[in-house]
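Per this note's numbering, the sequence shown starts with residue 529, numbered consecutively.
Note that the Cβ used here is the ideal one computed from N, Cα and C, for glycine as well.
These notes concern the structure reproduced below.
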Amino acid sequence: MIQSRKPLLSALCLLLVSPLAWAADPEVHWPSGWQVEDVAPDVQAPSATASVSRQRAIKNDENGATLMVMELTATPIEAGHKVNLQGVLLEMRKSIQKDFAQGGYQSVCTKIHPSTLSRLDALESTCVITENGRHVLSQTLVGAVDTDKAYVFSFAGQAEAYEASKSEVSSVRDTLKL
């Protein structure tokens, strides 16, 4: 009986120490006063999509209206797959612009430029959304790739709140552990 347990115990030990099996979600220190939520995976999604980790924090005003949203998404990468980060950010930026255009807004985005996200080299772009020439929203996308995951950190908010929250966003980016 003891002999038959040894292979099982060995397999369990290997599973527990395997970095792929024990990969933790990113560690995010959200600012105090923000409403923090883990975004549940879509149960209808394919199994690969179900392993995507999404964490979100929302800053509301005293009446409960949303001022700012920060979100971190971590997507597993298949071994050997090369992520075209510039292409991914371009598609995300295009989608943002299209969605706002359908709502009657105009948007102008910065060129995608080098940045950092935690310890990783990243690419970043910021879109300014206007309505009849008046700045109403800003949204920034920051993408980075590690050996086994791709990350997108997004933050968006009303024009004034976006500016006023820059130090909180910087604090989250500086303390992020991927």
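Neighbour-count burial assignment, residue i, 16 or more Cβ in a 10 Å radius
{"i": "residue 675", "result": "exposed"}
{"i": "residue 783", "result": "With the chain covering only 529 through 706, there is no way to say anything about residue 783."}
{"i": "residue 585", "result": "buried"}
{"i": "residue 608", "result": "exposed"}
{"i": "residue 560", "result": "exposed"}
{"i": "residue 593", "result": "exposed"}
{"i": "residue 695", "result": "exposed"}
{"i": "residue 638", "result": "exposed"}
{"i": "residue 478", "result": "In this structure the chain extends from 529 to 706, so residue 478 is not present and cannot be described."}
{"i": "residue 693", "result": "buried"}
{"i": "residue 532", "result": "Because the pLDDT of residue 532 is 43, which lies under 50, any placement of that residue in the model is unreliable, and the question is left without a value."}
Alpha-carbon spacing of residue i relative to residue j, whole angstroms
{"i": "residue 613", "j": "residue 662", "result": "31 Å"}
{"i": "residue 688", "j": "residue 652", "result": "21 Å"}
{"i": "residue 588", "j": "residue 615", "result": "33 Å"}
{"i": "residue 549", "j": "residue 580", "result": "Only weak support is given to the placement of residue 549: the predicted model assigns it a pLDDT of 37, under 50, and the value that follows is read from those uncertain coordinates. Their backbone Cα atoms lie some 14 Å apart in a straight line."}
{"i": "residue 622", "j": "residue 645", "result": "22 Å"}
{"i": "residue 634", "j": "residue 628", "result": "7 Å"}
{"i": "residue 611", "j": "residue 680", "result": "12 Å"}
{"i": "residue 557", "j": "residue 631", "result": "33 Å"}
{"i": "residue 657", "j": "residue 564", "result": "25 Å"}
{"i": "residue 700", "j": "residue 604", "result": "22 Å"}
{"i": "residue 673", "j": "residue 698", "result": "19 Å"}
{"i": "residue 647", "j": "residue 606", "result": "21 Å"}
{"i": "residue 620", "j": "residue 659", "result": "21 Å"}
{"i": "residue 624", "j": "residue 691", "result": "20 Å"}
{"i": "residue 562", "j": "residue 664", "result": "21 Å"}
{"i": "residue 641", "j": "residue 626", "result": "21 Å"}
Rounded Cβ spacing between residue i and residue j (contact assumed at less than 8 Å)
{"i": "residue 507", "j": "residue 555", "result": "Since the first residue shown for the chain is 529 and the last is 706, residue 507 is missing from the structure and cannot be characterised."}
{"i": "residue 600", "j": "residue 583", "result": "5 Å"}
{"i": "residue 643", "j": "residue 655", "result": "Contact doesn't hold; Cβ gap of about 15 Å is too wide."}
{"i": "residue 671", "j": "residue 617", "result": "5 Å"}
{"i": "residue 685", "j": "residue 597", "result": "7 Å"}
{"i": "residue 703", "j": "residue 682", "result": "In fact, because the Cβ distance is near 17 Å, the residues do not count as touching under 8 Å."}
{"i": "residue 649", "j": "residue 602", "result": "Actually they do not touch by this definition, with Cβ atoms about 16 Å apart."}
is_contact[residue i, chain C] using C-beta, thresh 8 Å
{"i": "residue 589", "result": "Considering every chain present, this structure includes no chain C. It has just one protein chain."}
Counterpart residues of residue i in DSSP-defined beta bridges
{"i": "residue 705", "result": "555"}
{"i": "residue 582", "result": "567, 601"}
{"i": "residue 675", "result": "None, per the DSSP bridge assignment."}
{"i": "residue 628", "result": "Partner(s): none; residue 628 has no beta bridge."}
{"i": "residue 587", "result": "596"}
Point to revise | Those runs of the alpha helix (DSSP H) which lie wholly inside the stretch 628-700 and span at least 4 residues | key: Counting only runs of 4+ residues, the alpha helix (DSSP H) found wholly inside the stretch 628-700 occupies 687-692, in chain order.
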